[in-house]
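**Student:** I have a structure here, written as structure tokens, and I will follow up with some questions on it.
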RNA sequence: GGCCCCAUCGUCUAGCCAGGCCUAGGACACCAGGUUUUCAUCCUGGCGACAGGGGUUCAAAUCCCCUUGGGGUCACCA
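Residue numbers (the working numbering): 271 to 760.
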């Protein structure tokens, strides 16, 4: 019988949730959900210097935003609690002691100075930098004696001879020569165990069956597999996910773009678009379907289908996908979900938007097909909220308007035509037809009126239908902006 | 530098494991055209890749080897 599937995401709260970490979590989650397994969350907070509660809270928040849920975790507990690594310290120490007694680990009394000097020598000789195993040759009685004297020591894992291999669902079977694995520090001189040790203790105790994580962990894996051997436990199956790369083809870093999931969320990338995009980095549903939901991910996801090569974070495709989701969203939902960005931009309060719900809905409908993110949506409707006098004409708009020699005369004439009609409340459709007729009667080309008019009304070169825009702006503001254009467009 | 991993259009990828259906498919981006008062959407078309070299085979993007290129990692961080 096969053991039950139990996977985990084990972030370290030393920073925000990384976009790559988010994908790792998503793939783990999808794997479990697709085959009746359990997905658990464990906080690897063993670095007291850099771990913070704020980061931890933010990471959980980020995962929830993605729509992931976990069966066991720090916030909900579970049969293998606690799920904070620091809380499991007594167990780690106990297990370290077991390995020490069994001879899988030994005390190392080497000072940091000696190690540094050793590394320097090794690097000067261009040799592999690794501990030389000096203290491994100490007899047990000698070791005990020095420990009794109060000499400070670390516990190092005694790497055996031979080869270590493990099953990797992404890369196939991987094999390392044990000579390449140094006798690494398992427990620090202050008594705190290190990552490679605790991660295995916890994965063993939590009965983790599959470990899917970033490729940067690949070289750690032999150390960990050896640990399973020492514990006389079967190692889990692994899957090392390809790295998400920056435009410089190096591991995604802040240098080449935003790395935190929250950065994209705050920029107003729709949640479902983000999940969809994350899937596309290193995995494909079928090679032709680009837009798909989490249900399809769960149904089709298999770790074996994940790409081996790293993927450059394709922000352009992400942006396109975001726009795709916005266009497919319902008007009501889009208007609601974008509200915080409109408010944050200082355009209006939520109450004001609610008071003019129909108006707001119409405005959102006007830009729905023109934006990719919620913040972009807020940007594009800004002109509707500013005072007529402080409307900013952007460069392309100004350039387009000024192409037309007779722009001012045209605008004045149109203003005279428009004034009485606006006053008598003519609707947008009639206005539109009337204006087109007017343009023809004047012997003008359409752009000769519309470009200067658009600039005066919106300050932008493009945008929704101008007569709808006039409706949103209202009569007085429409006429006022055209009048202002007489001066500002010369 | 040692060790390890990787290699299909500019980018994300399908195809590779089980060689022939591949004169290599889709998408983003880009370019051209159509629609539109503009922008966007939408529609049509175009550009564009199996890193190189050896094998194996009747047949290789697919299997093997080498080269080259890129990346990861070398902590008492995780």
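Heads up, the beta-carbon is just placed ideally off N, CA and C, and yes, glycines get one too.
1) Please classify residue 271: is it buried, with 16 or more other beta-carbons within 10 angstroms of its beta-carbon, or exposed?
2) Can you tell me which residues form a DSSP beta bridge with residue 507?
3) State the Cα-Cα distance for the pair residue 724 and residue 620, rounded to the nearest angstrom.
4) Of the residues 359, 283 and 288, which one's Cα is nearest the Cα of residue 583?
5) Relative to the ligand SAM, is the shortest distance from any of its heavy atoms to the C-beta of residue 467 smaller than 7 Å?
6) Rounded C-beta distance between residue 576 and residue 553? I'm assuming under 8 Å.
7) Please determine if the region 605 to 616 and the region 709 to 727 are in contact, where contact requires at least 3 C-beta pairs separated by less than 8 Å.
8) Assess contact between the region 449 to 462 and the region 484 to 501, defined as three or more Cβ pairs (one per stretch) separated by less than 8 Å. Is contact present?
9) Taking the alpha carbon of residue 549 as the point to measure from, which residue in 395, 290 and 500 has its own alpha carbon closest?
10) Looking at the structure shown, is residue 534 part of a helix, part of a strand, or coil, going by DSSP?
11) Can you tell me whether residue 478 is buried or exposed? The criterion is at least 16 other CB atoms within 10 Å of its CB, across all chains shown.
12) Could you please give me the residues that DSSP links to residue 514 through a beta bridge?
13) State yes or no: is the C-beta of residue 731 within less than 8 Å of the C-beta of residue 690?
14) Tell me, to the nearest whole angstrom, how far the beta carbon of residue 763 is from that of residue 681; I am working on the premise that it is less than 8 Å.
15) Output the distance between the C-alpha atoms of residue 343 and residue 352, rounded to the nearest integer angstrom.
16) Tell me whether the beta-carbon of residue 317 lies closer than 8 Å to the beta-carbon of residue 282.
17) Between residue 699 and residue 760, what straight-line distance do the alpha-carbon atoms span, to the nearest angstrom?
18) Hey, how far is the Cα of residue 634 from the Cα of residue 434?
19) Only counting the same chain, and skipping five residues up and downstream in sequence, which positions put a Cβ closer than 6 Å to that of residue 362?
20) Quick one: is residue 544 buried, meaning 16 or more other Cβ sit within 10 Å of its Cβ, or exposed?
21) Taking the alpha-carbon of residue 389 as reference, which of 664, 460 and 401 has the nearest alpha-carbon?
22) Which residue's Cα is closest to the Cα of residue 301: 285, 312 and 278?
23) Ignoring anything shorter than 3 residues, give me the beta strand (DSSP E) runs that lie fully in the region 395 to 437, in order along the chain.
24) Rounded to the nearest angstrom, what separates residue 754 and residue 659 at their Cα positions?
25) Taking the C-alpha atoms as reference points, what is the distance between residue 499 and residue 294?
26) Taking 8 Å as the cut-off, decide whether the C-beta atoms of residue 573 and residue 354 are in contact.
27) Do you know how far the Cα of residue 298 is from the Cα of residue 305?
28) Would a C-beta distance cut-off of 8 Å place residue 761 and residue 671 closer than the cut-off?
29) To the nearest angstrom, report how far apart residue 743 and residue 566 are at their CA atoms.
30) State buried or exposed for residue 409, treating a residue as buried only when at least 16 other CB atoms are found within 10 Å of its CB.
31) What is the residue span of the alpha helix (DSSP H) that residue 609 lies within?
32) Quick one: using the 10 Å Cβ neighbour count with 16 as the cut-off for buried, is residue 357 buried or exposed?
33) Short check: CB of residue 474 to CB of residue 425, under 8 Å?
34) How about residue 531 and residue 332: do their beta carbons lie closer than 8 Å?
35) Can you list, in chain order, the stretches of the alpha helix (DSSP H) that have 4 or more residues and sit fully within the region 319 to 385?
36) Helix, strand or coil for residue 758, going by three-state DSSP, please let me know.
**Tutor:** Here's the rundown:
1) Any reading at residue 271 is ruled out, since the residue's pLDDT is 41, under 50, leaving its predicted position unreliable.
2) Paired residue(s): 480.
3) Answer to the nearest angstrom: the Cα atoms are 28 Å apart.
4) Nearest option by C-alpha distance: 288.
5) The ligand SAM is not among the ligands present in this structure, which contains no ligands whatsoever.
6) Going by Cβ atoms, the distance from residue 576 to residue 553 rounds to 5 Å, so yes, they are a contact pair.
7) The way I'd put it, the region 605 to 616 doesn't touch the region 709 to 727; fewer than three beta-carbon pairs between them come closer than 8 Å.
8) Contact holds between the region 449 to 462 and the region 484 to 501, because three or more Cβ pairs, one in each stretch, are under 8 Å apart.
9) When 395, 290 and 500 are compared, the shortest CA-CA separation from residue 549 is found for 290.
10) DSSP places residue 534 in helix when its eight states are reduced to three.
11) By the Cβ-count criterion, residue 478 is buried, with 16 or more other Cβ atoms from all chains shown falling within 10 Å of its own Cβ.
12) Residue 514 pairs with 581.
13) The answer is no: Cβ separation not under 8 Å.
14) Shown here, the chain extends from 271 to 760; a query on residue 763 therefore has no answer.
15) Rounded to whole angstroms, the gap between the alpha carbons of residue 343 and residue 352 is 8 Å.
16) Going by C-beta atoms, residue 317 is nearer than 8 Å to residue 282.
17) Their backbone Cα atoms lie some 30 Å apart in a straight line.
18) Answer to the nearest angstrom: the Cα atoms are 59 Å apart.
19) Non-local C-beta neighbours of residue 362 in its own chain, meaning closer than 6 Å and more than five positions away in sequence, comprise 463, 468 and 471, ordered along the chain.
20) Flag for residue 544 reads buried.
21) Residue 389 has its Cα closest to that of 401, out of 664, 460 and 401.
22) Measuring from the Cα of residue 301, the nearest candidate turns out to be 278.
23) Counting only runs of 3+ residues, the beta strand (DSSP E) found wholly inside the region 395 to 437 occupies 424 to 427 and 433 to 436, in chain order.
24) If you take the alpha carbons of residue 754 and residue 659, they lie about 7 Å apart.
25) About 26 Å.
26) No. Outside cutoff.
27) Their Cα atoms are separated by approximately 11 Å.
28) Missing from the structure shown is residue 761; the chain here goes from 271 to 760 and no further.
29) For residue 743 and residue 566, the distance between alpha carbons rounds to 43 Å.
30) Burial call: exposed.
31) Its alpha helix (DSSP H) spans residues 601 to 614.
32) Taking a 10 Å sphere around the C-beta of residue 357, we find fewer than 16 other C-beta atoms and assign the residue as exposed.
33) Their beta carbons are not under 8 Å apart, which means residue 474 does not touch residue 425 by this criterion.
34) The answer is yes: Cβ separation under 8 Å.
35) Whole alpha helix (DSSP H) segments, 4+ residues: 323 to 336 and 359 to 371.
36) Reduced to three states, the DSSP call for residue 758 is helix.
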